[in-house]
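Here the structure comes first, spelled out in structure tokens, and everything after it is commentary.
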Amino acid sequence: MYRNSGFFLWIDLSPFLEIQDRDNEDLWEAEKMLSSKLLKAGIEMSTGFAYHNEKPGWFRIIFSVEREVLEEGLRSVRIGL
């Protein structure tokens, strides 16, 4: 895929974390599980943990593609959740 820059934004997917306990370790594990779930649906996004975010559940979306490609990707995220 051709990329023409490195623009990105952060999205908060913490409401979609499946958690048993609210302690920090479980939240980071839940973020990892959500990332795996999205990957199985064909969606690859960087986790907040990979960028040392303060709170679990934040994912990085790179949007340096044509608008139509970005819109298709965002639809896939919605379906994958």
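According to our numbering, the residues represented by the sequence shown are 13 to 93, in order.
Every residue, glycine too, gets a C-beta built ideally from N, C-alpha and C.
Residue i in three-state terms, based on DSSP
i          : result
residue 75 : coil
Buried/exposed call for residue i, threshold 16 Cβ in 10 Å
i           : result
residue 68  : buried
residue 42  : buried
residue 133 : There is no way to answer for residue 133, as the model of the chain reaches only from 13 to 93.
residue 93  : exposed
residue 21  : exposed
Span of the beta strand (DSSP E) around residue i
i          : result
residue 20 : 20-24
Separation of residue j from residue i, as counted between CA atoms
i          : j          : result
residue 82 : residue 38 : 31 Å
* Ordered list of beta strand (DSSP E) runs contained in the stretch 39-65, each at least 3 residues -> With a minimum length of 3 residues, no continuous beta strand (DSSP E) run stays inside the stretch 39-65.
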